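>
Residue numbers (UniProt numbering): 1 to 195.
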């Protein structure tokens, strides 16, 4: 056999198969660096849209399953840099937190301590509809095991505003949502946001 037409080695094919499995498994979760995830608000109805989020770059966990009809609970205080007044509401739910005053990792560890399953950190620039931030480790040796996601400022503001106007403690969401299986997902994006 010529040098250019080599038969695959015995080890090469199993390694290639394993590599492809890992890549597909990771992509199946839609959770690779720089890739966006989506969640869908089910209630309140006035914000029943799909929202785009970006996973943290180098800390936090991944979604191993989909959460259907789970509560998205705004933290109190909104920045989650100290003890939470409504921490008991976060157990088994998703926390909605505002950017600022401490690191992304500190916020994630705070809500994880209260039993949250994931954290969505909304930008504190309420009019921002385009700029995603790469959330990175804060240089400490601390770790967090729950998924951490970044949300555009305007999206976070509109969710919090709707909850306040309706006197609700949380929104009901599905997360993560596979938009490739939704033929009309473009129709479900917030009217103030362009993907």
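Each residue gets a CB set at the ideal place from its N, CA and C atoms; glycine is no exception. This structure is a prediction, so every number in the text was calculated from the model and none was measured.
Is the beta carbon of residue 84 sitting closer than 7 Å to the one on residue 120?
No, these two residues do not count as a Cβ contact at 7 Å.
> Do residue 160 and residue 44 come within 7 Å of each other at the CB atom, strictly closer than that value?
Contact flag unset, no.
> With which residues is residue 51 paired in a DSSP beta bridge?
According to DSSP, which records beta bridges pairwise, residue 51 is partnered with 39.
> List the endpoints of the continuous beta strand (DSSP E) containing residue 111.
Not the beta strand (DSSP E): residue 111 falls in the alpha helix (DSSP H), residues 104–113.
> Who does residue 70 pair with in a DSSP beta bridge?
The partner list for residue 70 (beta bridge, DSSP) reads 173.
> What is the rounded straight-line gap between the Cα of residue 132 and the Cα of residue 54?
For residue 132 and residue 54, the distance between alpha carbons rounds to 7 Å.
> Whole angstroms are fine: how far does the CA of residue 66 sit from the CA of residue 163?
The straight-line gap from Cα to Cα measures roughly 23 Å.
> Apply the 10 Å Cβ neighbour rule to residue 26 and answer buried if 16 or more other Cβ atoms are within range, or exposed otherwise.
Low per-residue confidence applies at residue 26: pLDDT is 40, beneath 50, and the placement is therefore not dependable enough to give any value.
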